[in-house]
Amino acid sequence: MENNNIRHIVIVGGGTAGWMSAAALSRIIGTQNCKITLIESEQIGTVGVGEASIPPIVEFNNLLGIDADEMLRATQGTFKLGIEFINWGRIGDSYMHPFGVFGRTILNVSFWHYWKKARDLGLSPGLDAYSLNWLAAKQNRFLRAGNVPNSPLSKVPHAYHFDAGLYARFLRKFSTELGVNRIEGLLEQVFQDPESGFITGIKLQDSKLINGDFFLDCTGFRGLLIEQCLGTGYEDWTHYLPCNSAQAVPTEAISEKHPYTKSIAHSIGWQWRIPLQHRTGNGIVYST
Numbered sequence: 401m402e403n404n405n406i407r408h409i410v411i412v413g414g415g416t417a418g419w420m421s422a423a424a425l426s427r428i429i430g431t432q433n434c435k436i437t438l439i440e441s442e443q444i445g446t447v448g449v450g451e452a453s454i455p456p457i458v459e460f461n462n463l464l465g466i467d468a469d470e471m472l473r474a475t476q477g478t479f480k481l482g483i484e485f486i487n488w489g490r491i492g493d494s495y496m497h498p499f500g501v502f503g504r505t506i507l508n509v510s511f512w513h514y515w516k517k518a519r520d521l522g523l524s525p526g527l528d529a530y531s532l533n534w535l536a537a538k539q540n541r542f543l544r545a546g547n548v549p550n551s552p553l554s555k556v557p558h559a560y561h562f563d564a565g566l567y568a569r570f571l572r573k574f575s576t577e578l579g580v581n582r583i584e585g586l587l588e589q590v591f592q593d594p595e596s597g598f599i600t601g602i603k604l605q606d607s608k609l610i611n612g613d614f615f616l617d618c619t620g621f622r623g624l625l626i627e628q629c630l631g632t633g634y635e636d637w638t639h640y641l642p643c644n645s646a647q648a649v650p651t652e653a654i655s656e657k658h659p660y661t662k663s664i665a666h667s668i669g670w671q672w673r674i675p676l677q678h679r680t681g682n683g684i685v686y687s688t
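In our numbering, the protein residues as written are 401 to 688.
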């Protein structure tokens, strides 16, 4: 960063998007030579449906140097080994999409060749028998994979379920301790360079002016910078999607917490079910 003109990064919007950005930037480039400011308001709610993650979240937390146990305690999180799909073929059907691999390559030949040959001969059990994640998930078991060379236990990737609001709060504390400047406020006006059109600063409703060299828009669907100011537009995929609406509903915690997300098909859409320590995340995706 010291070789360019970026001396102040401004993030507009909090939530998981804003605070993940702030955490990564403050950890990677630091805050000594480049000031990082995040503007958010407690008056604006966040979209709290991102409670089921995928394995890259583990890599992200490792990049930040976050202790996984501390994060899980702070976010009421649980472990995730994959996703179970229920009723997607026929009523009563289910299959597990586990993280990780099936079987192992033998003599440079991919596992599925052996499995298919054995299956054709009636010698092979179902594919699930060759996935450690699948077997562990269905028995409600989990073990962090150790760094053991040539051991199948080193091939057990995982992710997390967590309360998205608590995760954002956890990263807020992490980021501010690294020097990120948090400002409470609502955006009122955006200033642009008359020649390039680049954003140069913003004004908050309390008349506070904040200039910057690089701006990140983490305001979600509102797109206060990229859409309402810059008019960038979105690539519309609605013609590909059979569902266009979603409702998230938290319910009480269940006693047996499965280490996987459930995705349940219905006649009008599908439902997710995510086990947390303190509650269950539920939602329905449907077409209006």
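Quick reminder that beta carbons are idealized off the backbone N, C-alpha and C, glycines included.
Under the DSSP assignment, Glu484 falls in the beta strand (DSSP E) whose first and last residues are 482 to 486. By DSSP's assignment, Val649 forms a beta bridge with Asn682. Of the other Cβ atoms in all chains shown, 16 or more fall within 10 Å of the Cβ of Ala559; this residue is therefore buried.
In the displayed model, Ser663 falls within a strand according to three-state DSSP.
Rounded to whole angstroms, Lys662 and Asn487 show a C-alpha spacing of 11 Å. The DSSP assignment places complete beta strand (DSSP E) segments of no fewer than 3 residues inside the region 556 to 596 at 559 to 561, 581 to 584, 587 to 592, in order along the chain. Taking all protein chains in view, the Cβ of Asn433 is surrounded by fewer than 16 other Cβ atoms within 10 Å, so the residue is classified as exposed.
Around the Cβ of Trp637, a 10 Å sphere holds fewer than 16 other Cβ atoms; the residue is exposed. As DSSP reads the structure, Arg673 sits in a beta bridge with Lys662, Asn682. Here Val412 really is in contact with Ile439; their C-beta atoms are around 5 Å apart, less than 8 Å.
Our two residues, Arg673 and Leu521, have alpha carbons roughly 38 Å apart in a direct line.
Spatial neighbours of Pro650 in its own chain (CB-CB distance under 8 Å, excluding positions within 5 residues in sequence) are listed in chain order as Arg679, Thr680, Gly681, Asn682. When the Cα atoms are used, Asp613 and Thr632 turn out to be separated by approximately 19 Å.
Every alpha helix (DSSP H) of 4 residues or more that sits fully in the region 401 to 485 is shown, in chain order, as 415 to 428, 456 to 464, 468 to 475. Ranking Gln677, His658, Cys643 by CA distance to the CA of Val685 puts Cys643 first.
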